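Reviewing the structure listed below.
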């Protein structure tokens, strides 16, 4: 597993140029800290005490100029901070998303993922920025003060440096205990977030069962536990105060007690005053900022980043579609064997012992009443859902063991509500194949009849914002993206539900002509008419045949067609025999056992 230290070292090594620029401006920012004590000593000893106030004011004027230079350095340093912090946040966010998707592909539900994606990633970003500025400020400010002390007198520098190092050592010795308590605090927050999601998602059951008080007490226990952990973390402030007292305040009485000895060896009063300036206005604030920043933001950074890395996919392991091995050409495009799936251990099965084979190059439409389990079946085919038992294979590879990259290379799922992100049209349609050139995209848009849409959106360079698009426009952008993908299997889960019938027919016919396999969750009966085969899910029954075959053999299908076409008389005009068929004949297909009862809102 990637460690926090390895990630930090890698991040710093990849950001050398902005870090060098940041260091350069930090030197300018530290100029007042380096010169304050020295110029004060010159102003007092060579100016005011010598009876030359003009000279003293001149030295103080130079100090004012140094302060202006330091202010410019501070301004530039904060401007450069984003060049270091924002790429780190983006990389971490990619890791978290990849890890969450990998967990979902294995059938694991992670309720803490929302906490990581929002609160914890932003916490790492903010604390990383604060930690960089705190450590940078201490190194340059304390270093400048030590250099200034040495310029005054080496014995003075030694008298100050010894207690400063002692304070730093005390703080370092207390850090392990601080890390443990900070880690307990983060874990308590994760537990509270995870259990709050469970309670909120089940609020209807809680109200019906009358267990609201018990649930409130259960969550209240987690709140109290988090409060106890936070109080224990707050007690570590005593360690910070002791470290600051030794390193920041002890040098002041040390210098004052040693003043007669220093003055007796030729050190001027101005030099002694300058040394106190270095301690009070240089070293002491730098130590205070360091201790406060590391104890607060630094600990949160280490602990939170460690928690994130335990759930993240390292860079290069999430992969892209082109990194997957080629599919087995002899395997069917899709194969389901003895698949059983239910939403929860006590729920009725949506699919029960379900078998289906979709050969390569097939065009299959799936129909059935709303809530019967069509979208659930599409999710299982795509590997988005994991069956309770049985196997689902895409091009010969079981979805349960395939990596996200392998699945992305073999299938594309377009749901009812298509996903479009803020970015250019080009980025939206080619992110499954980022190597595509504009000419290929335009040819695909022409083939699908979407060239006018691309032009209306402003061309490939136009920026898309999801809120500014209609549902139909989002679907068409996603369909163009699916057409351009390298996957041979396309699963359209009512992906044309927001389009008019003519546009739907044009797109489906274009996808049917695309090399590969097409599975369509039908939104209109015309999708079933255009398909080579039709799978009907009918409660406890399942039927597989052509459109005309189902019309001849399934009363349920004939009734569904009547509803779909809006006919008032749903009797069989041709007098065709009806009735369910448990195992209809069909090349390469065998439907098994009951499909099961479905709770409509969960099946969708």
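Residue numbers (my numbering): 263 to 866. Cβ atoms here follow ideal geometry from the backbone N, Cα and C, with glycine treated the same way. Here the structure is a predicted model, which means the values were calculated and not measured.
Return the Cβ separation of residue i and residue j in integer angstroms, given the expectation that the two are a contact with Cβ distance under 8 Å.
i: residue 506; j: residue 553; result: 6 Å
i: residue 818; j: residue 807; result: Between residue 807 and residue 818 the Cβ distance is about 12 Å, and since that is not below 8 Å, they are no contact.
i: residue 596; j: residue 751; result: 6 Å
i: residue 301; j: residue 319; result: That belief does not hold up - the Cβ atoms of residue 301 and residue 319 are roughly 11 Å apart, past 8 Å.
i: residue 780; j: residue 625; result: 5 Å
i: residue 541; j: residue 522; result: Actually they do not touch by this definition, with Cβ atoms about 18 Å apart.
i: residue 508; j: residue 438; result: About 19 Å; that fails the 8 Å criterion.
i: residue 742; j: residue 698; result: Contact doesn't hold; Cβ gap of about 11 Å is too wide.
For residue i, decide whether its Cβ has a neighbour in chain D, counting only Cβ atoms nearer than 8 Å.
i: residue 562; result: The structure shown has no chain D; it contains just one protein chain.
Who are the Cβ neighbours of residue i in its own chain at under 7 Å, not counting the five residues just before and after it?
i: residue 675; result: 640, 644, 646, 753, 755
i: residue 458; result: 481
i: residue 555; result: 392, 393, 396
i: residue 390; result: 347, 350, 563
i: residue 328; result: 293, 294, 297
i: residue 331; result: 290, 293
i: residue 594; result: 619, 620, 621, 622, 850
When DSSP labels each residue in this structure, what does residue i get in the three-state scheme?
i: residue 655; result: strand
i: residue 650; result: coil
i: residue 335; result: helix
i: residue 599; result: strand
i: residue 660; result: strand
i: residue 634; result: coil
i: residue 723; result: coil
i: residue 616; result: strand
i: residue 302; result: helix
i: residue 484; result: helix
i: residue 682; result: coil
i: residue 798; result: strand
i: residue 627; result: strand
i: residue 779; result: strand
i: residue 804; result: strand
i: residue 786; result: coil
i: residue 673; result: strand
i: residue 457; result: helix
Rounded to the nearest angstrom, what separates residue i and residue j at their Cα positions?
i: residue 700; j: residue 712; result: 14 Å
i: residue 569; j: residue 436; result: 21 Å
i: residue 805; j: residue 686; result: 43 Å
i: residue 478; j: residue 466; result: 14 Å
i: residue 635; j: residue 613; result: 8 Å
i: residue 649; j: residue 603; result: 5 Å
i: residue 404; j: residue 544; result: 6 Å
i: residue 758; j: residue 678; result: 7 Å
i: residue 277; j: residue 682; result: 31 Å
i: residue 485; j: residue 442; result: 19 Å
i: residue 356; j: residue 383; result: 10 Å
i: residue 469; j: residue 684; result: 39 Å
i: residue 736; j: residue 746; result: 16 Å
i: residue 500; j: residue 557; result: 11 Å
i: residue 402; j: residue 423; result: 15 Å
i: residue 417; j: residue 428; result: 17 Å
i: residue 769; j: residue 760; result: 13 Å
i: residue 794; j: residue 809; result: 8 Å
i: residue 267; j: residue 559; result: 16 Å
i: residue 777; j: residue 673; result: 13 Å
i: residue 790; j: residue 763; result: 13 Å
Please go through the same chain and pick out, in chain order, the residues whose beta-carbon is closer than 8 Å to the beta-carbon of residue i, but skip the five residues on each side of it.
i: residue 511; result: 546
i: residue 400; result: 548, 549, 551, 552
i: residue 308; result: 314, 317, 318, 321, 532
i: residue 841; result: For residue 841, the pLDDT reaches just 35, beneath the cut-off of 50, and the residue's location in the model is therefore unreliable, leaving the point undetermined.
Excluding the 5 residues preceding and the 5 following residue i in the sequence, name in chain order all residues of the same chain whose CB lies nearer than 6 Å to its CB.
i: residue 529; result: 415
i: residue 406; result: 292, 295, 296
i: residue 660; result: 653
i: residue 491; result: 446, 447, 450
i: residue 688; result: 722
i: residue 715; result: 738
Candidates the options: which alpha carbon is nearest residue i's?
i: residue 385; options: 823, 768, 567, 760; result: 567
i: residue 516; options: 410, 420, 461; result: 420
i: residue 280; options: 606, 746, 341; result: 341
i: residue 413; options: 483, 537, 780; result: 537
i: residue 629; options: 823, 315, 680; result: 823
i: residue 621; options: 773, 632, 656, 743; result: 656
i: residue 430; options: 665, 502, 714; result: 502
i: residue 345; options: 283, 305, 335; result: 283
i: residue 432; options: 461, 472, 498, 473; result: 498
i: residue 729; options: 772, 493, 680; result: 680
i: residue 358; options: 592, 692, 571; result: 571
Return yes when the C-beta of residue i is under 7 Å from any heavy atom of the ligand HEM, and no when it is not.
i: residue 560; result: No copy of the ligand HEM occurs in the structure displayed, which carries no ligand at all.
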